[in-house]
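In our numbering, the protein residues as written are 125 to 642.
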């Protein structure tokens, strides 16, 4: 089973027109390509510096540090590569099996030899741990194609580029907090214990820190770009958000490293306790990202790992109060960890002056991060000033023009896994439908318009039989790969831009006239 998707002509059906919107016609810009190249550079620098440092430890005979450094590189990378390859397997299987559904390129599917070559190539890429690099290059290729192709093909490549951007953002976000975050704390702890900074240690720690800050901001930017009901984030806003997270994560990681250099056991207990409390807080907030309860709990557990280091919005609505509570807790923990280290650090290896400098670095870094956070919310937030004249405190010259009003169930841009609809929502009243769940419905077009009337240029409406998820969740057509393939096929086959519409919550289910299964 899957979500019901209905394709109808712009004038057919006579149903509700509210919530129908045309997909975005943004043009891929050179700065978008430069952003992808910078992301690829950050990804490469993070992995290469960690491997170089691990080899450095091995050559110097520091096998314990070598083993931990290599473990924090390989284990998260294997997890993410397996997930990336699983997505490829599903996408490629669907494209070769289900592409027979009346699309223009249905007869041009890869033949046996070509399919084998693709399998071997992708298997080799993921075996070499280069899945993310491949996805970044593919995103860049699709973006450039959307810039160079004709209008109809341009739209198709732009949608595919947005889907690929969503995939790489989620994969890299998971990888950075499984790999870069513990790697950063480990290397800082080694520096504090040895009371010295090796250049390779500094390079690895810096690359991990930049990778963490970059991915938080990049994820938020791609998520906003994917939703037509939200204003897109500017690159200025993304850069300031990088600085915000860079300094707050740096303060957090240094406080962790200082405490762990003296209290290894208690540090482990603290991390587990903080993760449990944050995970419970997130679960209590009733997030809505996944299709099942247990998947949602696993997702909340992963977000709990992110909350060990930085703020990450997971619930719709005004987040300033939740964010304020989080940063008050973080500030208290940073202060407690740093003070405890200052009281019990080894005076033989660290002078009082150096210890005082480290305490000042923690406090000033956190303050600088909060300063950039206020800059972002006062001047560069996509929705306008959050703390300006309209919201209470910052000086702001002129609020930006509001986004074009669009109903919450309207979608104009492309994303992978859906919330499962209940039987009552999907099947309607007993006896209205049989047990087969429809995938899409094609309604006959109305009679042609009179000659005196201007011809309509609107495309077909793709109605998705699910209520639209609320921001900051991904739209269903980004997280469900089967739905994504269906939309891409319909979009490619349509001469005009199709429009997506989600079911309005509480609206009665319409009777399906024609049904088929993709």
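Each residue gets a CB set at the ideal place from its N, CA and C atoms; glycine is no exception.
- Counting along the chain, residue 175 sits inside the alpha helix (DSSP H) bounded by residues 154–183.
- Rounded to the nearest whole angstrom, the CA to CA distance from residue 349 to residue 596 is 12 Å.
- Of the residues 394, 392, 425, the one whose Cα lies closest to the Cα of residue 408 is 425.
- Boundaries of the alpha helix (DSSP H) harbouring residue 455: 444–468, taken from the DSSP string.
- Across the structure, residue 243 and residue 606 are spaced so that their CA atoms are roughly 20 Å apart.
- Residue 589 sits in a strand when the DSSP states are folded into three classes.
- Distances from the CA of residue 304 to each of 389, 290, 315, 174 were compared; the closest alpha carbon is that of 174.
- Residue 382 sits close to residue 316, with the two beta carbons spaced by under 8 Å.
- DSSP, reduced to helix, strand and coil, places residue 252 outside both helices and strands of the structure shown, so it counts as coil.
- Here residue 273 carries a coil assignment [DSSP, helix/strand/coil].
- Around the C-beta of residue 323, fewer than 16 other C-beta atoms lie within 10 Å, and the residue is accordingly described as exposed.
- Taking C-beta atoms as the reference points, residue 594 and residue 440 count as a pair closer than 8 Å.
- Secondary structure of residue 186 (DSSP, three-state): coil.
- With a cutoff of 8 Å on beta-carbon distance, residue 263 and residue 334 are scored as not near each other.
- Note on geometry: alpha-carbon atoms of residue 390 and residue 384 lie some 8 Å from one another.
- Counting only the Cα atoms, residue 259 lies some 21 Å from residue 611.
- In the structure shown, residue 471 adopts coil according to DSSP, grouped into three states.
- Judged by their CB atoms, residue 411 and residue 420 are nearer to each other than the 8 Å cut-off.
- Cβ contact annotation for residue 192 (same chain, cutoff 7 Å, sequence separation greater than five): 310, in chain order.
- Distances from the CA of residue 210 to each of 195, 251, 373, 190 were compared; the closest alpha carbon is that of 251.
- Non-local beta-carbon contacts of residue 427 in its own chain, meaning distances under 7 Å to residues more than five positions away in sequence, involve 406, 436, 438 in chain order.
- Nearest to residue 365 by alpha-carbon distance, out of 185, 195, 618, 494, is 494.
- By the criterion of at least three beta-carbon pairs nearer than 8 Å, the segment 178–196 is not in contact with the segment 359–374.
- With respect to residue 152, residue 268 sits close: the two C-beta atoms are nearer than 8 Å.
- Around the beta carbon of residue 417, fewer than 16 other beta carbons lie within 10 angstroms, which makes this residue exposed.
- Fully contained in the segment 368–428 are the following alpha helix (DSSP H) runs of length 4 or more, in chain order: 388–408.
- Shown here, residue 627 sits in a strand according to DSSP, grouped into three states.
- Here residue 247 is exposed. Its C-beta has fewer than 16 other C-beta atoms within 10 Å.
- At a Cβ-Cβ threshold of 8 Å, residue 189 and residue 393 do not count as neighbours.
- Straight-line measurement puts the Cα of residue 375 at about 7 Å from the Cα of residue 485.
- Assignment of residue 257 by DSSP, reduced to helix, strand and coil, places it in the helix class.
- Around the beta carbon of residue 379, a 10 Å sphere encloses 16 or more other beta carbons of the protein chains shown; the residue is thus reported as buried.
- Contact check between the segment 450–468 and the segment 330–347: fewer than three CB pairs, one atom from each, fall below 8 Å, which does not count as touching.
- If you ignore the 5 residues before and after residue 369, its C-beta comes within less than 6 Å of the C-beta of 337, 340, 434, all in its own chain and listed in chain order.
- Between residue 167 and residue 256, the C-beta spacing is below 8 Å.
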